[in-house]
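Asks: One structure, as structure tokens, below. Some questions next.
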Amino acid sequence: MSPAPSTAASATVIPDTTSTRQYIGAWSVLSVLQYFAAEAAVILAWAGPRPYDLRTGYISDLGALRCGVFDGRDVCSPLNWLMNASFVVQGLGMLLGALLLGSGLLCVAALGGARVQPGRRKPWLAAVWVRLLTATAGAGTVIVGLVPEDAGSGWHYTGALMYFIAGAAALLVLGFLWLRKTVMSWFILACGAVSLAALVTGGLTRMEVPEPGALERLMGYPVTVGVAAAGLVIAQRVHRQRKQVRAAASLGQAL
0 MSPAPSTAAS
10 ATVIPDTTST
20 RQYIGAWSVL
30 SVLQYFAAEA
40 AVILAWAGPR
50 PYDLRTGYIS
60 DLGALRCGVF
70 DGRDVCSPLN
80 WLMNASFVVQ
90 GLGMLLGALL
100 LGSGLLCVAA
110 LGGARVQPGR
120 RKPWLAAVWV
130 RLLTATAGAG
140 TVIVGLVPED
150 AGSGWHYTGA
160 LMYFIAGAAA
170 LLVLGFLWLR
180 KTVMSWFILA
190 CGAVSLAALV
200 TGGLTRMEVP
210 EPGALERLMG
220 YPVTVGVAAA
230 GLVIAQRVHR
240 QRKQVRAAAS
250 LGQAL
């Protein structure tokens, strides 16, 4: 992570929004959408005594290693390896995005030619926090995939909390940072707010609700979708600017 500048310099800089690094970072973040395809495939292969129900079944049940009763629930997921691999891939995509997407680029929402003042600490620190929180959420879901719920370790639940809490916080900070820079900021804010509200509800009720699966998905799905939406904005803008740079270079050579 790039540290926030320590001086209140008045000079402005134009972040590089055309580099291959930023492009790869954007697509890494956007890759989290693979989770939904993996989850659908794992659900279709479910072999429990009753069909898997999105409203009552916990997400982690899909990654359980063994068939049987776990925490009072009958679980049997033959494609548990696919679900756990998807968790790991999702987390690695978020970690790579947090590493590659620069704080300056996040400050300007990947707008080409936009200037940012490193001396203005609030926007820059907000961008740094987005990267830190995104990396934390990514690390959390990697842990979830590496340590399934029935592995006999509390790390699974720690990883899940890391994903839910840090993911929702990252979206809220990014949404506010991108206000007036893209209309997608409102969607990202909404995703963060829904996830946070569901998380608070789950904490207050200890998940003792009629449809715990639905509540858990209200915690997790908005994070995945919101992160992907941010990746889409960046990928589209970086791609457009890279295309313009190539076109300008070709025109210059022709002249």
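Going by numbering that gives the first Met the number 0, the first residue of the sequence shown is number 0, and it counts up by one from there. Note that CB positions come from ideal geometry on N, CA and C, so glycine has one too. Being a predicted model, the structure only gives us computed values, none of them experimental.
Could you tell me which whole beta strand (DSSP E) segments of length 3 or greater appear in the stretch 140–191?
Replies: none
Asks: Helix, strand or coil: which one does DSSP assign to R72?
Replies: strand
Asks: Might you give, ordered along the chain, the residues of its own chain that have their beta carbon closer than 8 Å to the beta carbon of D73, omitting 5 neighbours on each side?
Replies: G47, P48, R49, G67
Asks: Name, in chain order, the residues that DSSP records as bridge partners for V12.
Replies: Per DSSP, V115.
Asks: According to the neighbour-count rule (16 or more other Cβ atoms, all chains shown, within 10 Å of its Cβ), is T223 buried or exposed?
Replies: buried
Asks: What's the C-alpha gap between A108 and W177?
Replies: 6 Å
Asks: Would E210 pass as a contact of T55 if the rule is Cβ separation under 7 Å?
Replies: yes
Asks: Can you grab the Cα-Cα spacing for the pair L145 / R65, in whole Å?
Replies: 15 Å
Asks: Assuming V87 is part of the alpha helix (DSSP H), what are its boundary residues?
Replies: 79–99 is the span of the alpha helix (DSSP H), which, as asked, contains V87.
Asks: List the endpoints of the continuous alpha helix (DSSP H) containing C106.
Replies: Here the alpha helix (DSSP H) through C106 covers 102–106.
Asks: Look up G56 in the DSSP assignment and say whether it is helix, strand or coil.
Replies: coil
Asks: Three-state secondary structure (DSSP) at W45?
Replies: coil
Asks: Which residue's Cα is closest to the Cα of T133: A169, I42, I164, G191?
Replies: A169
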